[in-house]
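The block underneath contains the structure these notes are about, expressed in structure tokens.
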Amino acid sequence: MSLLLALTLILAQATPLTSSPQAGDSANTVITVQETDLDRRARDLSARLRCPVCQSQSIEESNSPLAREMRALVREKLAAGESEEDIERYFFERYGGSILLDPRPEGFNLAVYILPAIALIAGITIVIVSARKWLRPAAATAATSSPDTAAPDEPDPDLAAWEEINR
Amino acid sequence: MTDDRSMDPMNGPDRTDNDAARDIDAGAASPHNATAPRTPGMSWRRSLIGLGIALPLVLLFGWGLSRDPFVIISPLPGRPAPGFALQVMGTDSVIDLQSLRGHVVVLNFWASWCGPCRIEHPQLQEARRRWEHRGVKFLGVLYDDSENNARRWLAGYGGEEWPTLLDPRQRSAIDYGLYGVPETFIIDQHGVVAHKQLSVVYADSLAPIIEALLSRSGADE
Chain A
1 MSLLLALTLI LAQATPLTSS PQAGDSANTV ITVQETDLDR RARDLSARLR CPVCQSQSIE
61 ESNSPLAREM RALVREKLAA GESEEDIERY FFERYGGSIL LDPRPEGFNL AVYILPAIAL
121 IAGITIVIVS ARKWLRPAAA TAATSSPDTA APDEPDPDLA AWEEINR
Chain B
168 MTDDRSMDPM NGPDRTDNDA ARDIDAGAAS PHNATAPRTP GMSWRRSLIG LGIALPLVLL
228 FGWGLSRDPF VIISPLPGRP APGFALQVMG TDSVIDLQSL RGHVVVLNFW ASWCGPCRIE
288 HPQLQEARRR WEHRGVKFLG VLYDDSENNA RRWLAGYGGE EWPTLLDPRQ RSAIDYGLYG
348 VPETFIIDQH GVVAHKQLSV VYADSLAPII EALLSRSGAD E
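Chains as they are written, first to last, in this note's numbering: chain A, 1 to 167; chain B, 168 to 388.
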């Protein structure tokens, strides 16, 4: 009997529950907000400024109180008619070069732009030189052993090693 | 033998002098070295190239990784101090930095939630005792904190000894390139930032800076 009562109670509770998603849907109607030009400019600029109290995060991404105020300041300055360059300079003059997520290509910062290119060229050169070296001994042994019919099945140590690994 | 080949990192740029030494040792035994005998001169050249690549990298990383990435070196010293006109806590009056020309100003950003500020405050009190009568102005700027908390905190140190300025939404703090508290700026008689102190200031470490500025003003007159 008590079980039946409990069951009816559950059902009674369940009835409004089944209708609740519909109510929730209407309550959670997605509101689309048109992004204004100012929003976009503020977002782009904020994404280029490093949050000073974070590590490798822009003020756009960071939720720290300081980043929040900086975002607001960026927006205010843009709304007041200041250009992106003016605002970048404002932060640069107060926080130094580290406020810019993309370092200015000058002085020691140039290393960041030049070194990867040098490393890439050096890497490609090393690969090419090494590949030639790997190919040369094989070609040389093939050339010397082919006229030598007495020992046609001279075991190639490289081949033996390769087969050893892939057995 | 097979291990010696497959593990061979010899052609990589990160070979070391140890690798070069092993080359010579393994020279007779390794079939790889038997087919392409390496002269000692070749090894030397290789280890020099390796050193030439590794040494700059080690120096670069040694320099870069030993720096604290949380420390931002302020570009402000030597430049005019950003101006402000801020309300004094508990009053209706406003202090404009411009009005303090001719004085050395100690501008201290702090908060009641800031731990190191507890060490610093007695030091600032000591500094005030030493230099206020010689015309040095002391100003506190409250950073991201409520007035009530600030007043209660100051009461614990015998009450306010110098004006505490309110900086709504941290606009002046950002103007000064602040990224934490405490930070202290020493501004000279011409309104130029003479020194920025990250973290706690000590009266003794302020002494040479303030004395130099005070004696300079004596020479100006």
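Quick reminder that beta carbons are idealized off the backbone N, C-alpha and C, glycines included.
- Query: Cα separation between ARG68/A and VAL261/B?
  - Reply: When rounded, the distance between both Cα atoms is 26 Å.
- On the three-state DSSP scale, how would you describe TRP162/A? helix
- Leaving aside the five residues before and after ASN109/A along the sequence, list all residues of the same chain whose C-beta is less than 8 Å from its C-beta, in chain order. GLY97, PRO103
- Do you know offhand how far VAL359/B's Cα is from VAL271/B's? If you take the alpha carbons of VAL359/B and VAL271/B, they lie about 10 Å apart.
- Can you pull the chain A residues whose beta carbon is under 7 Å from the beta carbon of PRO236/B, in chain order? GLN55
- Item | Any chain B beta carbon closer than 9 Å to GLY96/A | yes
- Query: From this set, ALA160/A, PRO52/A, ILE165/A, which residue's C-alpha is nearest PHE237/B's C-alpha?
  - Reply: Taking only the C-alpha atoms, the option nearest PHE237/B is PRO52/A.
- Item | LEU264/B vs ILE354/B beta-carbon contact at 9 Å | yes
- Item | Neighbour flag for SER214/B against chain A, beta carbons, 9 Å | Look at SER214/B: its C-beta is not under 9 Å from any C-beta on chain A.
- Under a CB-based cut-off of 9 Å, is ILE99/A close to chain B? yes
- Give me the Cα-Cα distance between LEU253/B and GLU84/A, rounded to the nearest whole angstrom. 27 Å
- Message: Does any residue of chain B have a CB that is nearer than 9 Å to the CB of ALA72/A?
- Response: yes
- In chain order, what residues of the same chain have a beta carbon less than 7 Å from the beta carbon of ALA361/B, not counting five sequence neighbours either side? PRO244, ILE353, ILE354, ASP355, ILE376, LEU380
- Query: Using DSSP with H/G/I as helix, E/B as strand and the rest coil, what is ASP186/B?
  - Reply: Any answer about ASP186/B is weak, because its pLDDT of 49 lies below 50 and its placement is not dependable; what the coordinates show is given next. If DSSP states are grouped into helix, strand and coil, ASP186/B belongs with the helices.
- Message: Along the chain, where does the alpha helix (DSSP H) containing ILE286/B start, and where does it finish?
- Response: 283–298
- Closest Cα partner of ARG301/B within the set ALA278/B, ARG285/B, PRO289/B, VAL273/B: VAL273/B
- Message: For a test of the three-state rule: what should DSSP assign to GLY194/B, helix, strand or coil?
- Response: Reliability fails at GLY194/B, whose pLDDT of 43 lies under 50, so the model's placement of it is uncertain and the value that follows must be treated cautiously. If DSSP states are grouped into helix, strand and coil, GLY194/B belongs with coil.
- Query: Nearest chain B C-beta to LEU116/A closer than 9 Å, yes or no?
  - Reply: At residue 116/A the sequence reads Pro, which differs from the Leu that was named. No, its Cβ sits nowhere closer than 9 Å to a Cβ of chain B.
- Would you kindly work out how many angstroms separate the C-alpha atoms of ILE124/A and ILE114/A, rounded to a whole number? Each residue's CA atom was taken as its position, placing ILE124/A and ILE114/A some 16 Å apart.
- Cβ of ALA196/B within 9 Å of any chain A Cβ: Note that ALA196/B scores 45 on pLDDT, short of 50, meaning its location in the model is unreliable and no value can be drawn from it.
- Query: SER366/B versus chain A: which residues are under 8 Å apart at the beta carbon?
  - Reply: Going along chain A, no residue has its Cβ under 8 Å from SER366/B, so there is no contact; the nearest lies around 14 Å.
- Query: Going by beta carbon distance, what residues of the same chain come within less than 8 Å of GLU293/B, once the five residues before and after it are set aside?
  - Reply: ALA370
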